[in-house]
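Undergrad: In the working numbering, the protein residues as written are 14 to 749.
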Ligand code: GLC
């Protein structure tokens, strides 16, 4: 387990000294977070609350689905006015902490997190999120409600785009990288002005919303919770994440915000979290709707006793905690603990010494370059028949498709502050290339692409590039869809392009991993460009015209059909032979007990870890430094070293992500057929080969039971090393 960098209790001396001076009202004040005032009356109310020490935080957003709106301004001066009241006019001068959804970018927008996870490059993610922190803090933001680290297996769920995908190991590495990027890499950094307090969310299990319907109930076994859902939060906490956001959902009928188990026992107890927990927007008062609380007072009592420290959008705690204490229904110790948690982080991020911010102009050019770099590493080359790509830069291009002149969608959901004016369209990016290299571009304007007129354009000489996908308003919060097949009109367009006899490149600009089976036969090459932020189009052209060799690997399974959801690579071994993830295309009935869909075999369209390159790589059979090791030695810190030689067998430099999977053959619980336990991305010149070694230690070779007991058991474990989860390149070790 990575070292736990939670060290916020070092501020407890100052915290407890301050706590002793506070009245009950002032304590409750620290647990209230208001949104932006919506009218003069509310403005006055909030100012009075700040003056009376009854406000602890403000969220810089006017609506609870800030991700779907473009706000653009942060109002630094507006919030400083509140800070001046809180610091200069309230009795104890406790500063406010300002939060905002700076999810995957601020002015410069980086790829949606699902895309960044496909870069399999945590170091680069950390650099990008450092840049995000610099831009957000330059406008006075102290705290972001990010990273979202909800594992999910359902691409119908619009919020799949906000998280790192279906794998706990990738999720953990992404969580660490984002937290270190936002907060700075050393524990004292949190007091630096360019450190952005991070918030791991949504704790817990939100990604299992039933049917992919956002805000729905979840049913998650303790086994899945411990082994799949928790690892990213554990990694975020170990990386020093200062805050956590509790989720809307219940788990197995118990709202997370109503259960002392999930926050007090699990998060603070088992994971060692020392920061504070903020509720999701109004998610405490929702317990009335869920039928576990009669009124707001009961909601408040459930929330504070469960460990939800701060009430986002304040209606519950502000109005009810004082009377609960005065009526003897609530021991003030719960309030004291919540206030301690909040004050720890306010001390940790230096707000008492440095509460005010001014708007600072910073040079964003390096950030835009970084955005282009990670976008290029996040995009997935899914198909490249006859090595159609890369195209020559003097090529004749015929561009069509609904996203050929699109700007806004490229930045993806949850990018409300992203500057749209600096986003380049596909048409503009291709023009830049072909104009400078003697090529040509004909664009089929959107208003005519869905009638026969486009056929005229497809008669031109050259290669057809189709900019396809889905807009950013059909993913993100409260934006789930029932069918994830790419739209029929786009399939029709691809058919027409294909019928012209020309080569067709599909650039898919989307949030969720769409089901591409209907369109795949008509595209000679497919580049999944995601919603990669400000530089989506430039990065796509860098790949299309060969300046960048694609290296993305999918952090999520692409299904053939919506009907296959949920389909994920680390499925447990079933009781009988199921034609599923590791099955075959042919729908054959072989023996009794065989089962599978009779219509579309549930094999993935593109499996977890998959992504093509313009070159080819060979990975040797894995070797281990020892064929066996005792569990005791593992516990003492020894590990298995797994080595392979990777060779670039192609004609150009490229990056390969070598993936290390295990399969625990015999265990006290059924284990997944493949579990990712390590990866390394390396760059090799054509013909170059390099040996790489990946460790497997105590933390990688065990699993949790449903009660959270970590088990490393004796027996054989298969070790696979390959370029995606389908690899059969394996060896075996024995734990003694
Ligand atoms: C929203 C989202 C959460 C976000 C918060 C503040 O409802 O669920 O991710 O951080 O409210 O906007």
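The beta carbon of each residue, even a glycine, is placed where N, CA and C say it ideally should be.
1. Starting from the C-beta of residue 285, find all residues in its chain whose C-beta is less than 7 Å away, skip the five residues before and the five after it, and write them out in chain order.
2. Which runs of the beta strand (DSSP E) spanning at least 3 residues fall entirely within the segment 522 to 566, listed in chain order?
3. Is residue 294 close to the ligand GLC? I mean its beta-carbon at under 7 Å from any heavy atom of the ligand.
4. Tell me whether residue 114 counts as near the ligand GLC, meaning its Cβ is closer than 7 Å to at least one heavy atom of that ligand.
5. Within the continuous alpha helix (DSSP H) that includes residue 748, where are the two ends?
6. Is residue 476 closer than 8 Å to residue 504 when the C-beta atoms are compared?
7. Given the structure, does residue 49 come close to the ligand NAD, in the sense that its CB is under 7 Å from one of the ligand's heavy atoms?
8. Beta carbon of residue 656, beta carbon of residue 704: below 8 Å?
9. For residue 237, which three-state DSSP category applies?
10. State yes or no: is the C-beta of residue 215 nearer than 7 Å to some heavy atom of the ligand GLC?
11. Under 7 Å from any heavy atom of the ligand GLC, does the C-beta of residue 72 make it?
12. Over the uninterrupted alpha helix (DSSP H) stretch that includes residue 89, give me the two end residues.
13. Residue 166 and residue 175 - do their beta-carbons sit closer together than 8 Å?
14. What's the gap between the Cα of residue 146 and the Cα of residue 83?
15. Compare the Cα-Cα distances from residue 22 to each of 35, 350 and 168 and report the closest residue.
16. For residue 132, which of 661, 625, 730 and 649 has the nearest alpha-carbon?
17. Which same chain residues end up closer than 7 Å to residue 623 when comparing Cβ atoms and leaving out the 5 residues on each side of it in sequence?
18. Could you tell me whether any non-hydrogen atom of the ligand GLC is closer than 7 Å to the CB of residue 739?
19. If I follow the unbroken alpha helix (DSSP H) through residue 32, where does it start and stop?
20. In the DSSP assignment, find the alpha helix (DSSP H) that holds residue 379 and state where it starts and stops.
21. For residue 233 and residue 246, which I take to be in contact (beta-carbon distance under 8 Å), what is that distance rounded to the nearest angstrom?
22. Using a threshold of 7 Å, is the CB atom of residue 195 nearer than that to any non-hydrogen atom of the ligand GLC?
23. From this set, 106, 294 and 310, which residue's C-alpha is nearest residue 301's C-alpha?
24. Use the C-beta contact count for residue 470: other C-beta atoms within 10 angstroms, 16 or more gives buried, fewer gives exposed.
25. Determine the direct distance from the alpha carbon of residue 389 to that of residue 134, and round the result to whole angstroms.
26. Could you pull out every residue in the same chain whose Cβ sits closer than 8 Å to the Cβ of residue 597, ignoring the five residues on either side in sequence?
27. Terminal residues of the continuous alpha helix (DSSP H) containing residue 652?
28. Using 8 Å for Cβ pairs, my map puts residue 753 next to residue 254. What's the rounded Cβ distance?
29. Under a Cβ-count criterion, where at least 16 other Cβ atoms within 10 Å of its own Cβ denotes burial, should residue 399 be classed as buried or exposed?
30. Would you say the beta carbon of residue 498 is closer than 7 Å to some non-hydrogen atom of the ligand GLC?
TA: In this structure, then:
1. Excluding sequence neighbours, residue 285 sits near 17, 19 and 250.
2. Within the segment 522 to 566, the complete beta strand (DSSP E) runs of at least 3 residues are 538 to 541.
3. Residue 294: yes, Cβ under 7 Å from the ligand GLC.
4. Yes.
5. Membership of residue 748 in any alpha helix (DSSP H) is not indicated; the residue belongs instead to the beta strand (DSSP E) covering 743 to 748.
6. In this structure, residue 476 does not lie closer than 8 Å to residue 504 by Cβ.
7. Absence of the ligand NAD is noted for the structure shown, with the ligand GLC being the only ligands found.
8. Yes; because the gap between Cβ atoms is below 8 Å, this pair is in contact.
9. Helix, per DSSP.
10. Checking every heavy atom of the ligand GLC against the Cβ of residue 215, one is found closer than 7 Å.
11. Residue 72 Cβ: within cutoff of the ligand GLC.
12. 89 to 97 is the span of the alpha helix (DSSP H), which, as asked, contains residue 89.
13. It is not a contact, given that the beta carbons lie outside the stated cut-off.
14. Straight-line Cα distance between these residues: approximately 19 Å.
15. Considering only alpha carbons, the answer is 350.
16. With distances taken between Cα atoms, residue 132 lies closest to 625.
17. Residues 566, 567 and 737 of the same chain have their beta carbon placed closer than 7 Å to that of residue 623, with the five preceding and five following residues left out of the count.
18. No.
19. Taken as a continuous stretch (DSSP letters only), the alpha helix (DSSP H) holding residue 32 covers 25 to 34.
20. Here the alpha helix (DSSP H) through residue 379 covers 378 to 391.
21. Under the criterion of beta carbons closer than 8 Å, residue 233 and residue 246 do not qualify as touching, at roughly 13 Å.
22. Not under cutoff, so the answer is no.
23. Nearest to residue 301 by C-alpha distance, out of 106, 294 and 310, is 310.
24. For residue 470, the number of other beta carbons within 10 angstroms of its own is at least 16, and it is reported as buried.
25. Answer to the nearest angstrom: the Cα atoms are 12 Å apart.
26. Within the same chain, Cβ atoms closer than 8 Å to the Cβ of residue 597 are found at 614 and 616, the five residues on either side in sequence being excluded.
27. Element bounds for residue 652: n/a, residue is neither H nor E.
28. An answer regarding residue 753 cannot be provided, because it is not within the stretch 14 to 749 covered by the chain.
29. Counting Cβ neighbours within 10 Å, residue 399 comes out exposed, since fewer than 16 surround it.
30. Outside the cutoff, so no.
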